[in-house]
Amino acid sequence: MDECRHTSDIRQVTPSALGCEECLKSGSWWVHLRLCRTCGHVGCCDDSPNRHATKHFHATSHPVIEGYDPPEGWAWCYVDEVFIDLGDRTTPQNGPIPKFV
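Everything in the sequence shown is counted per full-length UniProt numbering, starting at 1 for the first residue and increasing by one.
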């Protein structure tokens with residue numbers, strides 16, 4: 001596996017919402033959730049119509065997101081384009097995540 005130069009930037013964060021922040025506000029839906037490990041922003045994945053997690057990265061340059069729906073044990077670095085095994089450093093959910101079909 002390739003190396004990520006941003007693993008030291010991974011922080012313990014508090015998730016910003018029980019679902020994609022922007023989709024919840026707009027009434028849209030998502031496929032999976034991603035959690036920013038810099039600030040705790042919860043956004044939807046690139047298979048979702050709005051791709052809010054990637055938009056958050058472009059707006060903030062926060063490099064690492066966690067697979068968060070449910071916590072999947074991995075992270076992705078947008079900058080280095082590599083997966084990171086989080087091991088026991090996953091972020092617990094604050095409550096039940098609504099599902100959209």
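Cβ coordinates follow ideal geometry from the N, Cα and C atoms, glycine included.
Sort the options by Cα distance to residue i and report the nearest one.
i     : options                    : result
Ser8  : Ile84, Ile97, Pro98, Gly95 : Ile84
Glu3  : Thr91, Gln93, Tyr78, Gln12 : Tyr78
His62 : Asp88, Gly40, Lys25        : Gly40
Lys99 : Gln12, Val13, Lys25, Trp30 : Trp30
Excluding the five sequence neighbours on either side, which residues of its own chain have a C-beta within less than 7 Å of the C-beta of residue i, listed in chain order?
i     : result
Asp69 : His32, Leu33, Ile97
Arg5  : Asp80
Leu86 : Glu66, Gly73, Trp74, Ala75
What is the DSSP secondary structure of residue i, reduced to helix, strand or coil?
i     : result
Asp85 : strand
Lys25 : helix
Ser8  : helix
Can you list, in chain order, the residues of its chain whose CB lies under 8 Å from that of residue i, leaving out five sequence neighbours each side?
i     : result
Thr90 : Glu66, Pro71, Glu72, Gly73
Thr14 : Gly40, Asn94
Check the C-beta distance from residue i over to residue j and give it rounded, since I have them as a contact under 8 Å.
i     : j     : result
Ser16 : Pro49 : In fact, because the Cβ distance is near 20 Å, the residues do not count as touching under 8 Å.
Leu18 : Asn94 : 6 Å
Thr54 : Asp46 : 6 Å
Within a Cβ cutoff of 6 Å, which residues of the same chain sit near residue i, ignoring the five residues on either side of it in sequence?
i     : result
Val64 : His6, Ile10, Arg37, Ala75, Cys77
His52 : Cys20, Glu22, Gly43, Cys44
Completely contained beta strand (DSSP E) runs for the region 27 to 77, where each covers 3 or more residues: For the region 27 to 77, the full-length beta strand (DSSP E) segments reaching 3 residues or more read 33 to 36, 42 to 44, 64 to 68, 71 to 77 along the chain.
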